[in-house]
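What follows is a set of notes on a single structure, which appears directly below.
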Amino acid sequence: MTVIDQIAQPSSSAPTPRRRRRSPGRPPWMDTPSPTVRALKVAAIAMIGGVMLYPFLYVILFSFADAGSVTSGQLVPTSFSTVAYESIFAGGVVTRSLLVTAGVTLVGTALSLLFTSMLAYGLTRTREVPFSKAAMVMVLCTMFFGAGIIPNYLLIKNLGLLDSYWALILPGLISAFNMIVMRNFFMELPQELLESARIDGASEFRIFSSIVLPLSKAVLAVIALFYAVGYWNSFFNALLYINDTTKWPIQLVLNQYVVQGNALSDLQAPDRPAPPAQTVQMAIVVVATVPILIVYPFAQRFFTKGVLTGAIKG
1 MTVIDQIAQP SSSAPTPRRR RRSPGRPPWM DTPSPTVRAL KVAAIAMIGG VMLYPFLYVI
61 LFSFADAGSV TSGQLVPTSF STVAYESIFA GGVVTRSLLV TAGVTLVGTA LSLLFTSMLA
121 YGLTRTREVP FSKAAMVMVL CTMFFGAGII PNYLLIKNLG LLDSYWALIL PGLISAFNMI
181 VMRNFFMELP QELLESARID GASEFRIFSS IVLPLSKAVL AVIALFYAVG YWNSFFNALL
241 YINDTTKWPI QLVLNQYVVQ GNALSDLQAP DRPAPPAQTV QMAIVVVATV PILIVYPFAQ
301 RFFTKGVLTG AIKG
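Residues in the sequence shown are numbered from 1 upward in steps of one, following full-length UniProt numbering.
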């Protein structure tokens, strides 16, 4: 036997691979699971995911179902139709409410982002801005104490904002939680960069607009998503302050026609056959839910960085 064969042949004295022993303080669920355990985990996750996704799929499928599938009580419709969507968009109420909600969401999100970022940056300048610490305490107090519904209603009424779109925007213009997250993010920025800009003669507004905001795209995207979801899903302010039905947002229409079960004849065009009421309700739910879900994937890549970076420093 040559020397190479001796090297290639496994030695009988070579140590056999031993089973990995668990360290004394290591819990059993941190060990590498066996294939059977992995398969059980995948099956459990798939089952939980199916249970969570089924209501969404049920709503979407039955919004396209025809009258026969609805009356037969099928678990999954077998025939589909777009009569419900044609009816609600031809009636004008849903279309108008969608435009109102989209306008309030766009304008409200832009204004909220502007004022929240300016307030957050001002509260980071504790040396330059007088009474900034007292203002921070006052902002924190709003997270624990509220005026209540009646004082807020009287305030909106005395300001002349009843039946105005500003009544849907101004009460939630600045969120204390979002402001704190953004302020903490600003405090994590390199202060040497801001100081060098001041030495070069840049004003605070120039530093804020040219340095701070471009470096804070992650937290701005996340806070914008928070505000957009809040404005899109908000209906309580409209319920209190908006009596004109032509200014109702989509969530108030959803509440009136789906939750309260009011007559659906207002949503139907006179020259079209009446679709089943359940199908129309499902279509309104889809119309009120899907647009805001489409926004999330665009802000997802900023989500983890924006939230965690702003939440590390308290």
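Think of the CB as a built atom: it goes at the ideal place given N, C-alpha and C, for glycine as much as any other residue.
Because the structure is a prediction, the values reported are computed rather than measured.
Does the structure place the stretch 227-240 close enough to the stretch 164-179 that three or more beta carbon pairs sit under 8 Å?
yes
Would the stretch 271-290 and the stretch 242-258 be scored as touching if the rule is three or more Cβ pairs under 8 Å?
yes
Exposed or buried, what is Y241 when buried is set at 16 or more other beta-carbons lying within 10 Å of its beta-carbon?
buried
Residue from A110, N233, L173 with nearest C-alpha to V285
N233
Check for me: the alpha helix (DSSP H) holding D116 runs from which residue to which?
The sequence given here places Thr at residue 116; Asp does not occur at that position. It spans 93-124 - the alpha helix (DSSP H) in which T116 sits, taken as one unbroken run.
Nearest CA to the CA of I207: which residue from A221, E192, L220?
Closest in alpha carbon position to I207, among A221, E192, L220, is E192.
For F80, which beta-bridge partners are listed by DSSP?
Looking at the DSSP assignment, F80 forms a beta bridge with A65.
Residue burial classification, R183 (beta-carbon count within 10 angstroms, cutoff 16):
Buried.
Inter-residue Cα distance where the pair is P275 and L162
A direct Cα-to-Cα measurement between P275 and L162 gives close to 35 Å.
Let's test the definition: count the other Cβ atoms within 10 Å of the Cβ of Q251 and tell me whether it reaches 16, buried, or not, exposed.
buried
Report, in whole angstroms, the separation of the C-beta atoms of T109 and A218, which I expect to be a contact under 8 Å.
T109 to A218, Cβ: 17 Å. No contact.
Are L215 and L189 touching if we call contact CB-CB under 8 Å?
yes
S79 to V100, Cα distance in whole Å?
33 Å
Give a yes or no on whether the C-beta atoms belonging to Y54 and V104 are separated by under 8 Å.
no
Which stretch, first to last residue, makes up the alpha helix (DSSP H) that contains K217?
217-233
At which residue ranges does the stretch 127-214 contain complete alpha helix (DSSP H) runs of 4 or more residues, listed in the order of the chain?
132-144, 149-158, 166-169, 176-187, 191-199, 204-207
Alpha-carbon spacing of Y85 relative to K41, whole angstroms:
40 Å
Burial state of S196, where buried means 16 or more other Cβ atoms lie within 10 Å
exposed
Beta carbon of F186 nearer than 8 Å to that of Y121:
yes
Distance, Cα to Cα, S69 vs P77?
5 Å
Report the rounded CA-to-CA distance for V295 versus L213, giving the unit in angstroms.
21 Å
For F89 and L57, the rounded distance between their alpha carbons
22 Å
Any chance the CB of L106 is under 7 Å from a heavy atom of the ligand SAH?
For the ligand SAH, the structure offers nothing, since it holds no ligand at all.
Excluding sequence positions up to five away, which residues of its chain have a Cβ less than 8 Å from the Cβ of F226?
S175, N178
By the DSSP assignment, the alpha helix (DSSP H) with N237 in it spans what residues?
236-241
Can you name, in chain order, every residue of its own chain whose Cβ lies under 7 Å from the Cβ of L173, other than the five neighbours on each side?
L111, S112, F115
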